[in-house]
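Colleague: In this note's numbering, the protein residues as written are 2 to 546. Mind looking over this structure? Questions follow.
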């Protein structure tokens, strides 16, 4: 006689789908225990730090009175910073100068964080391992969303608390902090959709970063074009600024990012069950059965891996350089009669005329940002290594040094190309307004190339970490970020020169506003070469993986 046992009922509701979420969230927080605090602290302290310089820059009421009218009437400044609502107070000036920038950066942070803990886990195969255990279908996505959302909330809280501590108005501080947080939540939701659509983390990051870029572009077009102001209302970054912190806050605007977060986030969760682990909603196109002869080499493979980011960075560099170069002629509106502001620009960019000082500062700024591409590109092979795609290559006739060298061509060559592009576009856009295109382009190309050794120092240190201490390779981002912060905020905060000099960018001659000096460029190049060689030697000797 046989008996039949009924299978116990399975809970198919949301609680079952979220089993293991807290464990995965703690794991994600442990993995990001260094990166996330850096994001939170750096973004959180920026508004209060910046507000402290307002009275120094514009100490008299007369200097502050005309700021809103003069800067608000300049379309180039509106394109970069957004609408000028009330620049007569420290809070209003800080919200105008940093509000859009904070929204942009927190949006990128949200995209990268969600992708890192969701789609990147699927790329590496760890998500499939987790799926074989007692983990709900929605647990991995929810963990990534919680980490990103939590970081966005903490950034807003730190901003608000420090601004209130700096004696800025409470309502304005709350509005600016909450605007930053809500922007992060919107792009967290967008990233939740991107990781369902794309099959690879690189593609998901690309979709998310493109969404951030489009949001900034819509905001810029709307704020700089009097006949199309409605366009900025299509952008989450535009919403953050339309809340108007420190300028008669409009609290109802928060309904827009809140609604977008709920709707877009729900779409991400709705798409998740429609795909298998490791796949995307949009499948990749099948490739040919055999690779073309031109692709059967390490260099060709490196080109395939680097071409997307390289082209994207080149386009972004060209667009931003054209925009910032066109603003140079209006820099006098920003500075006004403030001698302190002039001195800060001159500390950033030299002493030979305000516009030249501004252009020198822009060359340095682009170098610092392009150094981030150098780090990203230098660590590309590390990503391939952790995904176990390097060992099969090295099992063939491909040697280690040849493989790494193929990648480094795009790392160092790409940074050089971007510096040239930035110099050409900065000079061209400024020269077209000033009526001296050839001179301006030549000066700015030289100024940009002078920054290249400092860029290569940061890039070389990333290669060093990859070769000698691969598990610490992500520290290269911290090195690049610290160099950027010291160079940007050191002069503004009057930090000791010895502290500022920890950044390689502080040693570069500030062309075209200063005389050319070859000595620092020679020793910076030497440091970059030593760092590169150390990384190459470490890569040749260490174990793969």
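Beta carbons: idealized from backbone N, C-alpha and C, even for Gly.
1) I'd like to know whether the C-beta atoms of residue 467 and residue 404 end up nearer to each other than 8 Å.
2) Mind checking residue 289: buried by the 16 CB within 10 Å criterion, or exposed?
3) Measure the beta-carbon distance from residue 111 to residue 192 and round it to whole angstroms, keeping in mind my assumption that it falls under 8 Å.
4) Measuring only the C-alpha atoms, how far is residue 148 from residue 29?
5) What three-state label does DSSP hand residue 517 in the structure shown?
6) Output the distance between the C-alpha atoms of residue 201 and residue 314, rounded to the nearest integer angstrom.
7) Provide the residue span of the alpha helix (DSSP H) that contains residue 240, from first to last.
8) Okay, do the stretch 459 to 477 and the stretch 369 to 386 touch, 3+ Cβ pairs below 8 Å being the bar?
9) Which whole runs of the alpha helix (DSSP H) in the stretch 283 to 330 are 4 residues long or more, in chain order?
10) Would you tell me roughly how many angstroms separate the C-alpha atoms of residue 21 and residue 115, rounded to the nearest one?
11) In three-state DSSP terms, what is residue 82?
12) Look up residue 454 in the DSSP assignment and say whether it is helix, strand or coil.
13) Using the three-state DSSP reduction, which class does residue 170 fall into: helix, strand or coil?
14) Identify, in the order they occur along the chain, each residue of the same chain with its Cβ nearer than 6 Å to the Cβ of residue 539, setting aside the five sequence neighbours on each side.
15) Quick one, are the C-beta atoms of residue 190 and residue 119 less than 8 Å apart?
16) Do residue 101 and residue 185 have their CB atoms nearer than 8 Å?
17) Let me confirm a value: residue 397 is counted as buried when at least 16 other C-beta atoms fall within 10 Å, else exposed. Which label applies?
18) Tell me whether residue 504 sits in a helix, a strand or coil according to DSSP, three-state version.
19) Look at residue 88 and residue 69 and say whether their C-beta atoms are less than 8 Å apart.
20) Which of the three DSSP states is assigned to residue 106 in this structure?
21) My output table needs one value for residue 251: the three-state DSSP class, helix, strand or coil.
22) Assign residue 541 to one of two classes, buried (16 or more other C-beta atoms within 10 Å of its C-beta) or exposed (fewer than that).
23) Looking at C-alpha atoms only, which residue of 489, 479 and 513 is the closest neighbour of residue 34?
24) Thinking just about the alpha-carbon of each residue, which of 168, 134 and 389 is nearest to the one in residue 55?
25) Thinking residue 198 and residue 282 are a contact (beta carbons under 8 Å), I'd like their distance in whole angstroms, please.
26) Should the stretch 37 to 52 be called in touch with the stretch 152 to 161, which here means at least 3 C-beta pairs below 8 Å?
27) Decide if the stretch 308 to 323 is in contact with the stretch 229 to 247; the criterion is three or more beta carbon pairs, one per stretch, under 8 Å apart.
28) Between the C-alpha atoms of residue 81 and residue 178, what's the straight-line distance to the nearest angstrom?
29) Helix, strand or coil for residue 448, going by three-state DSSP, please let me know.
30) Apply the 10 Å Cβ neighbour rule to residue 309 and answer buried if 16 or more other Cβ atoms are within range, or exposed otherwise.
31) Going straight from the alpha carbon of residue 391 to that of residue 368, what length do you get?
32) Roughly how many whole angstroms lie between the Cα atoms of residue 427 and residue 419?
33) Quick check on the burial criterion: 16 or more other C-beta atoms within 10 angstroms. Buried or exposed for residue 123?
34) According to DSSP, simplified to helix, strand and coil, what is residue 64?
35) Apart from the five residues just before and just after residue 145, which ones in its own chain have a Cβ nearer than 6 Å to its Cβ?
Modeller: Straight from the coordinates:
1) no
2) exposed
3) So it is a contact: roughly 6 Å between Cβ atoms.
4) 7 Å
5) coil
6) 19 Å
7) Where residue 240 is concerned, the enclosing alpha helix (DSSP H) stretches over 237 to 243.
8) Below 8 Å, enough C-beta pairs join the stretch 459 to 477 and the stretch 369 to 386 to call them touching: three or more.
9) 299 to 328
10) 17 Å
11) helix
12) helix
13) coil
14) 468 and 469
15) no
16) no
17) exposed
18) Collapsing the DSSP output to three states places residue 504 in coil.
19) yes
20) helix
21) coil
22) exposed
23) Closest in alpha carbon position to residue 34, among 489, 479 and 513, is 479.
24) 168
25) 5 Å
26) yes
27) no
28) 20 Å
29) helix
30) exposed
31) So the alpha carbons of these two residues sit roughly 31 Å apart.
32) 12 Å
33) buried
34) helix
35) 115, 118 and 119
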